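Numbering (this note's numbering), first residue to last: 71 to 546. Data block below; observations after.
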Ligand SMILES: *[C@@H]1O[C@H](CO)[C@@H](O)[C@H](O)[C@H]1NC(C)=O
Ligand SMILES: *[C@@H]1O[C@H](CO)[C@@H](O)[C@H](O)[C@H]1NC(C)=O
Ligand SMILES: *[C@@H]1O[C@H](CO)[C@@H](O)[C@H](O)[C@H]1NC(C)=O
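As structure tokens, then:
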């Protein structure tokens, strides 16, 4: 018997669906990515069984097979949070941070929490790397059954994924906007504006939640109805990203040396980013290589992954250095640069931060900057561009805001024609040097950074902010 035949027996037999036991009866056809992934995993499939998962997806897309086994406790209203929970990446970890915060800190509220995957492709690798408690929670919240008319949907993704989606994804909201109690769009951008199509999509929502004052003003200036725009900051899991709980990860076995030669026990600068121009890796390399030589006993580790590029980061860096006429190898040799391009499980991430002395990210624009707040929660001194999202939390007391030289036009990609910031290469040199010259100051800023994260963005604080807004929507 082949495996596909045997899998079929794990699928419940046909039954008539009813409006309560299936989450959204009309749309069960779409409402399956999370389910099929969970079933795939519970059957012990691995990445190499991807074809089985695909088969399962296919076999499950018959609406008649989708029904809920459990009866429903009708505790009043629901919040259905729809985000790329199974994808990894910015919106994914952001979505998780809210769901964990709400689940852990507002158990006594008058609404129940449900989740649905939406907005990006699922990644088995990402799912595999999640801590067990998060996997269990995902399975639990996925099964929450809600009545549409008693549900507030939060579409946590880029507006192109909102109903009707501009690309192939499970739409959010899952049916017409007016079928639900309310629909909230949660989004952000990394440039100075929101394009016309996205403005229209924002204005179709009852509310648009954005993370920072920066976004409040850019959204309103772009034409989003000011009465809909609400600032909801992002939580950071200060218990999980707690430096007291971890030993540093030994980076050498996972890092590839790209430039320079080994420096043992040197000061480590860490940067984490998707490989794209926006992240300012060019600025970082130039400033670092101009400022330091092998004699300084520092090292730069770049934890990166592809973004519409291949993985050949080593050669990209070498090409960049060779083509930059203002970069000249110091007499003592380049200060070392390492690349880590393997997948780091979420559960290992705190130990990567713990291995660093400082975190540095000279982006041209950020929505929020999750690695920055994670690093700050880990009490690392952070150097980051003083523009866009990070201005919400990065100050001279808790880090090193990197001054901007000028604004520049985005030359390619979906934000072509928008404007973002050019961080100062020279000031970045100065700040990196300042960190290594004055570790007392750097440590004090790192300590303050963690205090600020706890005080302003810890899950219980942000859960309260979210719950208050939900209550006010329910009370309308
Ligand atoms: C939602 O719809 C159900 C079934 O149609 C109805 O019993 C319930 O009262 C409605 N709830 C609200 C808040 O209108
Ligand atoms: C950061 O930018 C703000 C304006 O957004 C400015 O007031 C502040 O002085 C800047 N800080 C630094 C260190 O450049
Ligand atoms: C380190 O920074 C502190 C606080 O900014 C300052 O008071 C001190 O003079 C600095 N020390 C050195 C060696 O630069």
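Cβ coordinates follow ideal geometry from the N, Cα and C atoms, glycine included. Keep in mind that this is a model prediction, so the values were computed, not measured.
| Query | Result |
| --- | --- |
| Buried versus exposed call for residue 114 [16 or more other C-beta atoms within 10 Å across all chains shown] | Confidence in residue 114 is poor, its pLDDT being 46 and thus under 50, which makes the residue's placement unreliable; the coordinate value appears in the next sentence. It is exposed - the Cβ of residue 114 has fewer than 16 other Cβ atoms within 10 Å. |
| Residue 166, enclosing alpha helix (DSSP H) - first and last residue | 160-175 |
| For review: beta carbons within less than 5 Å of any heavy atom in ligand 2 | 456, 471 and 473 |
| Chain-ordered residues, beta carbon under 5 Å from a heavy atom of ligand 3 | 508 and 511 |
| Any heavy atom of ligand 1 within less than 6 Å of residue CB: hits in chain order | 217, 219 and 220 |
| Contact under 8 Å by Cβ, residue 298 with residue 277 | yes |
| Residue 237, buried or exposed, once every other Cβ within 10 Å from all chains shown has been counted against 16 | exposed |
| Backbone secondary structure at residue 538 - three-state DSSP | helix |
| Through-space distance from residue 394 to residue 474, alpha-carbon basis | 21 Å |
| Limits of the unbroken beta strand (DSSP E) element including residue 410 | 407-410 |
| Buried versus exposed, by CB contacts within 10 Å (16 or more), residue 172 | buried |
| N-terminal and C-terminal residue of the alpha helix (DSSP H) that residue 357 is part of | 351-361 |
| DSSP state of residue 531 mapped onto helix, strand, coil | helix |
| Closest residue to residue 362 among 345, 389, 402 and 425 (Cα-Cα distance) | 402 |
| Cβ-based burial, residue 214 [other Cβ within 10 Å; buried from 16] | buried |
| Residue 370 and residue 343 closer than 8 Å at C-beta | no |
| Test item: CB-CB of residue 459 and residue 281 under 8 Å | yes |
| When 397, 334 and 377 are compared against residue 356, the one with the closest alpha-carbon | 397 |
| C-beta contact flag for residue 456 and residue 442 at 8 Å | no |
| Separation of residue 255 from residue 240, as counted between CA atoms | 15 Å |
| Whole-Å CB distance - residue 318 paired with residue 421, under 8 Å assumed | 6 Å |
| Rounded separation between residue 414 and residue 199 - CA only | 8 Å |
| Residue nearest to residue 547 in terms of C-alpha spacing, selected from 323, 218, 330 and 367 | Limits of the chain in this structure are 71 at one end and 546 at the other, which puts residue 547 out of reach. |
| C-alpha distance - residue 97 paired with residue 245, whole-angstrom precision | Low per-residue confidence applies at residue 97: pLDDT is 38, beneath 50, and the placement is therefore not dependable, though the value from the model is reported in the following sentence. Roughly 7 Å between the two C-alpha positions. |
| Where residue 546 falls: helix, strand or coil (DSSP) | coil |
| Cβ pair residue 498, residue 406 closer than 8 Å | no |
| Within the segment 224-312, ranges of the alpha helix (DSSP H) (whole runs, at least 4 residues) | 266-274 and 283-292 |
| Three-state class that DSSP yields for residue 519 in the structure shown | helix |
| CB of residue 304 within 8 Å of CB of residue 151, strictly | no |
| Rounded distance between the beta-carbons of residue 251 and residue 273, thought under 8 Å | 19 Å between Cβ atoms; not a contact. |
| Alpha-carbon spacing of residue 470 relative to residue 504, whole angstroms | 10 Å |
| CA-to-CA distance, residue 232 to residue 271, given in whole angstroms | 7 Å |
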